[in-house]
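First the structure, in the form of structure tokens, and then the observations on it.
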Amino acid sequence: MTRDYFLKVAEAKARYAEALRMEADAEDMVGHEEQAATFRRFASQWDALAASYRVSADQADAA
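Numbering-wise, the working numbering comes out as the position in the sequence shown, counting from 1, plus 175.
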């Protein structure tokens, strides 16, 4: 797979993580702390996936 592919996937995963953080903020505003915490955990996992794809992009670049 190419570097561009990995970077596009990483960007998509990072955007999804940001959307989850926005959802968490909205849940906080209406007092749903547990739901907000769940969304933040999911966002963290998506951030980790994005980071993994960025590493893969760097490795694809080196190959």
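By construction, the Cβ of each residue, glycine as well, lies at the ideal position given by its N, Cα and C atoms. Computed from a predicted structure; not experimentally measured.
Measuring CA to CA, which of the options is closest to residue i?
i, options, result
"Ala192", "Val230, Phe214 and Gly206", "Phe214"
"Gln210", "Trp221, Asp222 and Met197", "Met197"
"Ala185", "Ala212, Val205, Ser231 and Met204", "Ser231"
Roughly how many angstroms lie between the CA atoms of residue i and residue j, to the nearest whole one?
i, j, result
"Tyr241", "Glu202", "This structure does not reach residue 241, given that the chain is present from 176 up to 238, and the question cannot be answered."
"Phe217", "Ala187", "14 Å"
"Ala199", "Glu208", "8 Å"
"Ser219", "Ala189", "10 Å"
"Met176", "Ala194", "27 Å"
Under a three-way DSSP split, which group does residue i fall into?
i, result
"Met197", "helix"
"Met204", "helix"
Would you mind reading off the limits of the alpha helix (DSSP H) that contains residue i?
i, result
"Val230", "Glu208 to Ala237"
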